[in-house]
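Residues in the sequence shown are numbered consecutively from 708, following the working numbering. Please read the structure below before turning to the comments.
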Amino acid sequence: MSTLGVVFGAEFVRRMRSRAYIAGSVIGALSIIALTVLPTVLTSVMSGSSRRIVLAGPPALTAAARQALRADYEVTAVVPPFTGTATSAYLDAHRKASALVTIAAERKGLRVDAYVRDPSLVRESLSRDLGHLQLAMALGVPPSRVVADTTVHVDVHDISGRFANPNAADAAKGVAYLFVILLYLAILLNAQAIMTSVAEEKTSRIAELLVAMLDPTQLLAAKILAAAATSFIQLAIWLVVGLGSGRVVAALAPQMATAGSAASSATLLGNVDVAPVEIIALIAFFIVGFAQYGVLYAAAASLINRTEDLGSVAGPLVVPVAFAFVLAIVGLGVPNSPAVVATSMIPLLSPFVMFTRIATSAVPAWQVALSFALDVGAALLFAWLAGKIYRVGLLLYGRPPSLRQVIATLRS
């Protein structure tokens, strides 16, 4: 077996058996379940109480108003015109309602008073829902006719042919958002694990023995490949857990889709079918992205002399990862804007941004090919530069090398 294969096998087994790796995989999976399920449950619980109202007023008005409010509120009780004092105890007695809404007809139109627990929850939605009733009173026609005449049906047609309807587009954005988060975590956590491994080998002087027996370039390549393999396994676990938990939430609580944006996203995520092109894009850009960041982190770690210095070295390398993550989130809304298209061609950024574009829009094939080719070229260039730094840095003890020494190493 080649030296590369031996080192790869040993490093792969060591990382797979690492308690930190196992704990990270389990904690990551549990965190994904929590992020998928908890917002849905909490939104449903919180919105359930905030949507309950008590409606007071003349029977003719409350009957029409109840129908108008049905979209946003659950009317727990309809009472005659209210003359008392609205209190929390009164609302608690009516299934812990969030508000008492009184309506009355006046010369100027409909008068609405809301006695609420949280003033920020009801004003706009009440005005919107009761607007049809106000217009019906002014025109002297049934509210149902006003609703029918003022409701405009809009057929949405995707000119790219990518999505069948707006719900499918929203679902694709939800999946892309999940994938980008997983990509971010997998690259960042595992690249830092490579840095820690290299730093430990150097500070414990094991690196001297390894470099004496093995080619530093092959040693670095084996470490990157082993880390990529284990992180890909971790990423696959997180993907299965994320998509699975989304489907469970959608199956158990489909009524939560109207409870709020978090619940709706979870339900859509559970119903969406991930296209094979998205999985292929995720794998391809994960590999090139991990290769770029992995070699940079390993090279940077070889320059330190104390593990305490890892933070100062890792800090600058986190910036492009975080910047790429932010750009990818922005790209979910405007995947074809000039700025997003341009950054999807820049190495270190494109693994995140281009994947977002692929998941949410129809990207020309030449742009995908160009972005991937640039990423591969950048990964090879970074590997060549990192190999030079790694070869010298592992055997450099005492004072950390200056920038001038690093540049001299790269020129040699």
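Note that CB positions come from ideal geometry on N, CA and C, so glycine has one too. Please read all numbers here as calculations on a predicted model, not as lab measurements.
Check, Outcome
"Local conformation of Thr965 per DSSP, three classes", "In this predicted model, Thr965 has a pLDDT of only 42, less than 50, meaning its place in the structure is not dependable enough to derive any value."
"Sheet register partners of Gln782 (DSSP bridge)", "In the sequence on display, residue 782 carries Val and not Gln. Beta-bridge pairing links Val782 to Ile760."
"Cβ neighbour criterion (16 or more within 10 Å) applied to Trp945", "buried"
"Neighbourhood of Ser968 by C-beta, 7 Å cutoff - its chain only, sequence neighbours within 5 removed", "Summary for Ser968: the model assigns pLDDT 41, below 50, so the residue's position carries little reliability; its value from the coordinates is reported in the next sentence. Excluding residues within five positions, none has a Cβ falling inside 7 Å."
"With 16 other Cβ atoms within 10 Å as the buried cut-off, status of Leu1090", "Note that residue 1090 is Ala in the sequence shown here, rather than Leu. When all chains shown are included, Ala1090 counts as buried."
"Beta-carbon gap between Val761 and Ala784 smaller than 7 Å", "yes"
"For Thr790, three-class secondary structure by DSSP", "coil"
"Residue environment, Thr794, which counts as buried when at least 16 other CB atoms sit within 10 Å", "exposed"
"Between the CA atoms of Leu742 and Asn978 - distance to the nearest angstrom", "In this prediction, Asn978 has a pLDDT of 47, which is less than 50 and means its spatial position is unreliable; what the coordinates show is noted afterwards. Looking at the two C-alpha atoms, the distance is approximately 17 Å."
"Per-residue burial, Ser738 [other beta carbons within 10 Å of its own, 16 or more giving buried]", "exposed"
"Inter-stretch contact (C-beta, 8 Å, three-pair minimum) for the stretch 991-1001 and the stretch 1078-1094", "yes"
"Same chain only: Cβ atoms within 6 Å of Arg818, ignoring 5 sequence neighbours per side", "Ala811"
"Cβ-based burial, Gly847 [other Cβ within 10 Å; buried from 16]", "exposed"
"Nearest-angstrom Cα separation, counted from Val733 out to Leu1003", "27 Å"
"Residues bridged to Tyr822 (per DSSP)", "Leu807"
"Cut-off 7 Å between Cβ atoms - residues of its own chain near Ile740, not counting five sequence neighbours on either side", "Val948 and Ser952"
"Rounded separation between Ile901 and Ala1046 - CA only", "32 Å"
"Contact check, Ala855 vs Thr1067, beta carbons under 7 Å", "no"
"Contact between the stretch 1057-1072 and the stretch 1027-1043 (3+ Cβ pairs under 8 Å)", "yes"
"Per-residue DSSP class, three states only, for Leu817", "strand"
"Ala1006 versus Arg824: straight-line alpha-carbon distance, rounded", "58 Å"
"Tyr1097 to Ile994 span [Cα, whole Å]", "21 Å"
"Assigned exposure category for Asp862 - 16 Cβ within 10 Å defines buried", "exposed"
"Range covered by the alpha helix (DSSP H) that runs through Ile987", "Pro983 to Ala1008"
"When Ala1008, Val1020, Pro1054 and Ser1044 are compared against Phe1030, the one with the closest alpha-carbon", "Pro1054"
"Residues that DSSP places opposite Ala843 in a beta bridge", "For Ala843, which the question treats as bridged, DSSP gives no partner whatsoever."
"For Ala1069, the three-state DSSP class (helix, strand or coil)", "coil"
"CA-to-CA distance, Gly731 to Phe939, given in whole angstroms", "13 Å"
"Residue range of the unbroken alpha helix (DSSP H) whose run includes Thr857", "Pro850 to Thr857"
"Whole-Å CB distance - Ala933 paired with Phe719, under 8 Å assumed", "4 Å"
"Through-space distance from Asp877 to Ser972, alpha-carbon basis", "Unreliable placement is indicated for Ser972, whose pLDDT of 42 sits below 50; the coordinate value is still reported in the next sentence. When rounded, the distance between both Cα atoms is 8 Å."
"Runs of alpha helix (DSSP H) wholly within the stretch 1028-1080 (minimum 4 residues, chain order)", "1045-1050 and 1057-1067"
"Proximal residues to Leu842 (C-beta, below 7 Å), its chain only, five neighbours per side dropped", "Val853"
"Spatial distance of Asp799 from Pro787 (CA atoms)", "18 Å"
"Contact under 7 Å by Cβ, Tyr1032 with Tyr822", "The question names Tyr, yet the displayed sequence has Phe at residue 1032. In this structure, Tyr822 does not lie closer than 7 Å to Phe1032 by Cβ."
"7 Å Cβ shell around Ala929 - same chain, five flanking residues per side excluded", "Leu711, Val714, Phe715 and Glu718"
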